[in-house]
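Order-wise, the sequence lines are chains E and L. Mapping of the first sequence onto the numbering used here: position 198 corresponds to residue 198, and the numbering continues sequentially without gaps. Start counting at 1 in the second sequence, then tack on 1000, and there's your number in the numbering used here. For every residue, glycine included, the Cβ atom is placed at its ideal position computed from N, Cα and C. Reviewing the structure listed below.
Number of protein chains: 2
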Amino acid sequence: MPTLEVAYSPDLYQFYRNDDAIVVVIDVFRATSAMCTAFECGIKSMIPVEHIEQALDYKKQGFIVAAERKGEVVEGFQLGNSPFHYMDEKLKGETTVITTTNGTRAIEVSKDAHQVIIGSFLNISAICSYLVKENRDVLLLCAGWKGRYNMEDSLFAGAVVNNLLVDENSFDLSDSATSANLLFESSKGDLNNFLKTSSHRRRLGRLDLEKDIEFCLQRDFTNVIPVLENDRLVRLIQ
Amino acid sequence: MPTLEVAYSPDLYQFYRNDDAIVVVIDVFRATSAMCTAFECGIKSMIPVEHIEQALDYKKQGFIVAAERKGEVVEGFQLGNSPFHYMDEKLKGETTVITTTNGTRAIEVSKDAHQVIIGSFLNISAICSYLVKENRDVLLLCAGWKGRYNMEDSLFAGAVVNNLLVDENSFDLSDSATSANLLFESSKGDLNNFLKTSSHRRRLGRLDLEKDIEFCLQRDFTNVIPVLENDRLVRLIQ
Chain E
1 MPTLEVAYSP DLYQFYRNDD AIVVVIDVFR ATSAMCTAFE CGIKSMIPVE
51 HIEQALDYKK QGFIVAAERK GEVVEGFQLG NSPFHYMDEK LKGETTVITT
101 TNGTRAIEVS KDAHQVIIGS FLNISAICSY LVKENRDVLL LCAGWKGRYN
151 MEDSLFAGAV VNNLLVDENS FDLSDSATSA NLLFESSKGD LNNFLKTSSH
201 RRRLGRLDLE KDIEFCLQRD FTNVIPVLEN DRLVRLIQ
Chain L
1001 MPTLEVAYSP DLYQFYRNDD AIVVVIDVFR ATSAMCTAFE CGIKSMIPVE
1051 HIEQALDYKK QGFIVAAERK GEVVEGFQLG NSPFHYMDEK LKGETTVITT
1101 TNGTRAIEVS KDAHQVIIGS FLNISAICSY LVKENRDVLL LCAGWKGRYN
1151 MEDSLFAGAV VNNLLVDENS FDLSDSATSA NLLFESSKGD LNNFLKTSSH
1201 RRRLGRLDLE KDIEFCLQRD FTNVIPVLEN DRLVRLIQ
């Protein structure tokens, strides 16, 4: 029976590392939601980088570069991590570069896994169908907030676990996966309301990002699954 | 308003570090349960050490030394981390040394906090009353299992959060604390049954430790709170 595990922080990845697993990187507010949106809107590929310096190097080479820290676009860059930044005809067919506070770090730590895919509520059904079809070990990797546990990523992980538990014998759950599932069940499907008190929501609230939050909590805006191939994200071809 | 946070692994401590906080170290199965039992049964002090080598040095100096790895007493040592090992007249008034897989590591990483105290279901009411009385920042530090999230420590953290939330304005909760509380609420008070599927429970089950598990899930076996003073645990004098 394949394993289904959740790592609540990129800093716990080392303890869950499993080179045979499909890793789903999760940064609901907002990096992985932005990535899913970008591919739905026709971007060709995205190069995730961990540090601002790397992003700057790409910018000098003429790339369109997104850089977000603490929820805001970093000065001198064209884009941040709002999904709305990626609904732009100009980006169709382009390769862009992206660095964010938490999401790109999670991609970086897990890059040697069997496969790294990008998950968000925006493509949750596509993600779940793919994981069922592949029938192999799964690690749901929450980007969290600066190394800390966060509610929205854990809740998404729980939604995936809940969906995959069609029968009791489909996956062998880690304690963290069992717990994420119970968290999701506590939310009773009302994610927006449930997340009202979460720390990141409050942080984003101060930045006036309610519109982004609502968008990021929508299910199945797209069927596209971004996947890491070498150094870049591309559309997964199934 | 003081903060109430939960770190689900000693490896996340760095992201929650708060030198003004009281840290409650939690390793329900079984290190912190054994420590609470030891003090209830009259031990004078316990020196927690992270590594087997340090434990061996103390043994050479004539100390009674407990060493546990992977749930079993390490060869060449007198004691492990079963609470029953500490119900022994011979230990009354003694200073012993202890190293365990997860619990002593959690003590080590947090030792510079304002205060480090030892929590388990065996002294949960004493812990909660003390935290309410002190009215300062609290960090509940789960020892977990080799860096990973585990169910029993998270559940205990949730039980403490639940107890401390007598009114909504008593503490400012981190996402991890909110989540632990919801986990505890999911258990509906039937801890033993709830933990039946947890990975550590299964691990300990193989070692035939059901009696230990039942003992560790008892509430309020003692009012003693072990506290770290310099290099050793002693009884907290209130």
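- For Ala113 (chain E), the secondary structure class from DSSP, reduced to helix, strand or coil, is coil.
- Under the three-state reduction of DSSP, Gly1158 (chain L) is assigned to helix.
- Look at Phe15 (chain E): its C-beta is under 7 Å from a C-beta on chain L.
- Asp1112 (chain L) and Ile124 (chain E) have their C-alpha atoms some 43 Å from each other.
- Residues of the segment 1142-1170 of chain L with a Cβ closer than 7 Å to any Cβ of chain E, in chain order: Lys1146, Gly1147, Arg1148, Tyr1149, Asn1150, Met1151, Ser1154.
- Contact between the segment 52-64 of chain E and the segment 163-175 of chain E is not established, with fewer than three Cβ pairs separated by less than 8 Å.
- By the neighbour-count definition (other C-beta atoms within 10 Å, threshold 16), Glu152 (chain E) is a buried residue.
- Taking the Cα positions, Val160 (chain E) is about 16 Å away from Thr222 (chain E).
- Taking 7 Å as the upper bound on Cβ-Cβ separation, chain L lies near no residue of the segment 87-113 of chain E.
- Taking 7 Å as the threshold, the shortest C-beta distance from Ser33 (chain E) to chain L does not fall below it.
- For Asn1102 (chain L) and Gly1147 (chain L), the gap between their C-alpha atoms comes out near 8 Å.
- The alpha carbon of Ile47 (chain E) has as its nearest neighbour, out of E:Glu94, E:Pro10, E:Lys211, the alpha carbon of E:Glu94.
- Judged by pairs of C-beta atoms under 8 Å, the segment 1210-1219 of chain L touches the segment 1028-1038 of chain L, as three or more such pairs exist.
- C-alpha of Phe1156 (chain L) to C-alpha of Ala143 (chain E): approximately 25 Å in a straight line.
- When secondary structure is reduced to three states using DSSP, Ala143 (chain E) falls in the coil class, being assigned neither helix nor strand.
- Proximity of chain L to Tyr8 (chain E) at the Cβ level (cut-off 7 Å) is accounted for by Tyr1008, Tyr1149, in chain order.
- Taking a contact to require three or more Cβ pairs closer than 8 Å, the segment 9-27 of chain E and the segment 129-140 of chain E qualify as touching.
- The continuous alpha helix (DSSP H) containing Thr1037 (chain L) extends over residues 1031-1040.
- At a cut-off of 7 Å between beta carbons, Ser198 (chain E) contacts chain L.
- Counted as a single uninterrupted DSSP element, the beta strand (DSSP E) harbouring Thr1095 (chain L) occupies residues 1095-1099.
- For Val49 (chain E) and Phe1015 (chain L), the gap between their C-alpha atoms comes out near 22 Å.
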